[in-house]
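Numbering (mature numbering (1 follows the signal peptide of the UniProt record, and there is no 0)), first residue to last: -20 to -1, 1 to 166.
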């Protein structure tokens, strides 16, 4: 019994250490990061993602300046029944390129970090999602266009592998026609 408790403690500590060591883009420039991005790939260790990853499609994200340095984020995606829009406010933190928000829809806290970007082509964004005792990661590869150079796809995969994810955790999306949202999806 004591060994089981110790083993669980070590596993939790390792998970927290891995999630705590996520880097943030050096000299992050919010103004260059603003604008339209496409989600061309995602990876996660969350069960909800693994069970549905083949159903996900490319979506669009609009990053706009918010009040007090926060980031207004609009996610637009094709879903069964039409085009949906979700709006979030990413609250700035003391670390440039790192944001936090609470999702009412999924009742989880999100620690979002822009790991790497060149601003005009790609951005690698790593989110740590916490709901109660459950901590999962969601890594997104964003692109300014609907296609991404193969070298950048390879870098995305390598980053995911370094985070302990495997090929089954990764999904790249084909080009998708953009849609105009007919309703908000909270």
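Beta carbons: idealized from backbone N, C-alpha and C, even for Gly.
Since the structure is predicted, the reported quantities are computational estimates derived from the model, not experimental observations.
With a cut-off of 8 Å on Cβ pairs, the region 16 to 32 is in contact with the region 138 to 156, counting three or more such pairs.
Contact holds between the region 91 to 106 and the region 114 to 128, because three or more Cβ pairs, one in each stretch, are under 8 Å apart. In this structure residue 1 does not touch residue 145 by the C-beta definition: roughly 15 Å separates them, more than the 8 Å allowed. Note on residue 82: under 16 other CB atoms within 10 angstroms of its CB, so exposed under the neighbour-count rule. Going by C-alpha positions, residue 11 is about 10 Å away from residue 43. With three or more CB-CB distances shorter than 8 Å, the region 69 to 80 counts as touching the region 48 to 58. In the structure shown, residue 99 adopts coil according to DSSP, grouped into three states. Residue burial is scored here from C-beta neighbours: residue 60 has fewer than 16 other C-beta atoms within 10 angstroms and is therefore classed as exposed.
Boundaries for residue 11: no beta strand (DSSP E) harbours it, while the alpha helix (DSSP H) harbouring it runs 10 to 13, taken from the DSSP string.
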